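J.: My questions all concern the structure below.
Residue numbers (my numbering): 22 to 267.
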């Protein structure tokens, strides 16, 4: 399927789905809150304590959007015809929560390594430019070139790793429902294998929503009411298609 076909199917599914507004209510509200938090910190000085304040919001947003994704995956696969508000709490059941958390932690550790590598490279670039401005015309240019190459490679690797594991929660849900769950490492391996040859396709699909994300800023987050269900469903259709073809 082309991206246009995926997005058209997403619109059709949502237009016919009863209870979608109730299902997406909490993720939409939390996404708007996170946007306002970003605005606040952009125009105010952050303390160390302020850094930790938004973390519970991000954490619960992640859990609720994962719950919604699990429910919507059943909708996309025609296994569910209507949804309700209580479906938001699906991942909080004891037999799912800790297993899901282990997947998220392992994924986070892997991505954190490449994020820190990219950040370290960026700091070296900044330091190199300061060295250049101080008058060092021999060492500074060499450091700028080398650190720029390393940082570029690290950023590319970070994006690749992000998309390799971007469907890991869906793989987890699929394995859990089929009785094939064998631990977080197996989930990440399966996610990486499924995304081989598909990372660029998903990246382009995500990129096609970038205009909507700009509109969320100008609308103070209100566009999320339309965008969050739309993009979530489109990504789930993408996942359904690659699992069919694997």
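Glycine included, each C-beta is placed from N, C-alpha and C at the ideal position.
As the structure is a prediction and not an experimental result, all values here were calculated from the model.
#1: Give me the residue from 215, 247, 191 with the minimum Cα distance to residue 97.
#2: If you drop the 5 nearest sequence neighbours on each side, which residues of the same chain put their C-beta closer than 8 Å to that of residue 83?
#3: Look at residue 226 and residue 27 and say whether their C-beta atoms are less than 8 Å apart.
#4: Quick one: what does DSSP say residue 103 is sitting in, helix, strand or coil?
#5: Can you confirm whether the region 207–218 touches the region 41–54 when touching is taken to mean that 3 or more C-beta pairs between the two stretches lie within less than 8 Å?
#6: Mind checking whether residue 216 and residue 258 have CB atoms under 8 Å apart?
#7: Looking only at its chain, what residues have a beta carbon closer than 7 Å to the beta carbon of residue 95, apart from the 5 residues adjacent to it on each side?
#8: Comparing C-alpha positions only, which one of 115, 121, 86, 118 sits nearest to residue 106?
#9: In chain order, which alpha helix (DSSP H) runs of at least 4 residues are fully inside the region 88–174?
#10: Find the nearest neighbour of residue 54 within the set 237, 266, 253, judged by alpha-carbon distance.
#11: Look at residue 153 and residue 161 and say whether their C-beta atoms are less than 8 Å apart.
#12: Contact check, residue 88 vs residue 103 under 8 Å by CB: the rounded distance?
#13: Any chance the region 132–150 sits against the region 191–205, with 3 or more Cβ pairs inside 8 Å?
#14: How big is the Cα-Cα spacing for residue 116 and residue 193?
#15: Which residue or residues does DSSP assign as beta-bridge partners of residue 39?
#16: Using a threshold of 8 Å, state whether the C-beta atoms of residue 186 and residue 35 are closer than that.
#17: With the cut-off set at 8 Å, would you say residue 91 and residue 62 are in Cβ contact?
#18: Is the CB-CB distance between residue 135 and residue 175 below 8 Å?
#19: Residue 267 by DSSP, collapsed to three states: which one?
#20: Report buried or exposed for residue 242, applying the criterion of at least 16 other Cβ atoms within 10 angstroms of its Cβ.
#21: Mind reading off the beta-carbon distance from residue 229 to residue 24? Whole number of angstroms is fine, and I expect it under 8 Å.
#22: With DSSP collapsed to three states, give me the class of residue 187.
#23: Measure the C-alpha to C-alpha separation of residue 279 and residue 33 and round it to an integer number of angstroms.
#24: What's the C-alpha gap between residue 244 and residue 233?
#25: Would DSSP call residue 33 helix, strand or coil?
#26: Excluding five sequence neighbours on each side, which residues of the same chain lie with their C-beta closer than 8 Å to the C-beta of residue 165?
T.: Short version:
#1: 191
#2: 125
#3: yes
#4: strand
#5: no
#6: no
#7: 101
#8: 86
#9: 115–154
#10: 237
#11: yes
#12: The Cβ separation is near 16 Å, so there is no contact.
#13: no
#14: 13 Å
#15: 103
#16: no
#17: no
#18: yes
#19: coil
#20: buried
#21: 6 Å
#22: coil
#23: The question about residue 279 has no answer here: the residues shown for the chain are numbered 22 through 267.
#24: 7 Å
#25: helix
#26: 146, 149, 150, 153
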